[in-house]
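Residue 699 is where the sequence shown starts when you use my numbering, and the numbers rise one by one after that.
In this text, a Cβ means the ideal position worked out from N, Cα and C, and glycines have one as well.
If you're wondering where the values come from, they're calculated on a predicted model, not measured in any experiment.
Let me begin by presenting the structure, written as structure tokens, before commenting on it.
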Amino acid sequence: MTGQSLWLHSAEIIFRKPFICLGLPGSIAGWRGAGKIREGEARPIQASTGPMQETIKLPRPRRGLFLDRDGVINEEVGYLVHPQDVRFVPGIFSLCRTAHRLGYQILVITNQSGIARGYYSEADFQRLMEWMQAEFVREGASLDAVYHCPFHPEHGVGEYRREHEDRKPGTGMLRRGARDLNLSLEQSVLVGDRCSDVAAANTAGLRQAFLLGTTETISCKGSFQPISSLEDVERWLLQHDAGI
Ligand SMILES: [Mg+2]
């Protein structure tokens, strides 16, 4: 595995790779601090020693591809914990490779009530995600961060029985991911398979939500695009972000 995992919080794993720099370089950050310039804008500056002008193109806002895990990355089997039970959803690696190429950070946001219910532990979850990350890396498509919500308001045991803003349709994981990786939520996209995924994306103001599969498509409210495969998302990204 090329990245190292770092636990920042009981519900977060961020895979940091050496080449990822969070935040802007100091010189560019200075321009942002000047107040009248926005990310993505080009601005001519006057060189101090002569009339020659040069243009600095500031980096575009970073954007995220938020992925639900169960039913989007792996087939839904119910309380997944063992690598041998993982069946990756067709197209997931290609989607992530394309998204990275187009400048997206890839974040997993997943409700894990199996932890709340005592079916498996936080450490079990972390082990499975590190195994998954190794599989992604092997396929040339790494994950940048993983957030999970281990709480459930009714079925949780002990300290895990509680409401939490992270539990989708809550937006806690989306907002924290955006903050940690310096993302613009308005430029970001989510793929889920539940109405709660769509609701979280809509509340957080994401650019686009996709709902994979047919189980909840008809009954979900809100703004989303139903899709039958992850290839639909990849095609959408290419059309909207690469002009293909
Ligand atoms: Mg799901």
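So, helix, strand or coil for Gln810, using DSSP?
coil
Under a three-way DSSP split, which group does Leu910 fall into?
strand
For Met827, the nearest candidate out of Thr808, Arg892 and Gly868 (CA to CA):
Thr808
Per DSSP, the bridge partner or partners of Val889:
Leu765 and Phe908
Runs of beta strand (DSSP E) lying entirely within the stretch 842-874, each at least 3 residues, in chain order:
843-847
Relative to ligand 1, what is the chain-ordered list of residues with a Cβ closer than 7 Å to any of its non-hydrogen atoms?
Asp766, Arg767, Asp768, Gly769, Val770, Glu774, Gly890, Asp891, Arg892 and Asp895
Among residues of its own chain, excluding the 5 on either side of Glu774, which ones have a beta-carbon nearer than 8 Å to its beta-carbon?
Asp768 and Asp891
Using 8 Å for Cβ pairs, my map puts Arg761 next to Ser886. What's the rounded Cβ distance?
5 Å
Indicate the three-state DSSP secondary structure (helix, strand or coil) for Asn772 in the structure shown.
strand
Indicate the three-state DSSP secondary structure (helix, strand or coil) for Leu805 in the structure shown.
strand
On the three-state DSSP scale, how would you describe Leu695?
Residue 695 lies beyond the residue range present for the chain, which begins at 699 and ends at 942; the question has no answer from this structure.
Identify every residue that forms a DSSP beta bridge with Pro781.
Bridge partners of Pro781: none, in fact.
Do the CB positions of Leu888 and Val770 come within less than 7 Å of each other?
no
Look up Phe972 in the DSSP assignment and say whether it is helix, strand or coil.
The question about residue 972 has no answer, for the chain in this structure spans 699 to 942.
What are the boundary residues of the alpha helix (DSSP H) that includes Glu884?
It is not in any alpha helix (DSSP H) - Glu884 carries neither H nor E in the DSSP assignment.
Reference Leu765, options Arg799, Tyr818 and Tyr845, closest by Cα
Tyr845
Close Cβ partners of Phe834 (< 6 Å) along its chain, the five nearest in sequence each way excluded
Ser840 and Leu841
Have a look at Ile925 and Leu879 and give me their C-alpha separation to the nearest angstrom.
27 Å
Helix, strand or coil: which one does DSSP assign to Arg825?
helix
Strand pairing of Phe786, partner residues [DSSP]
Asn772
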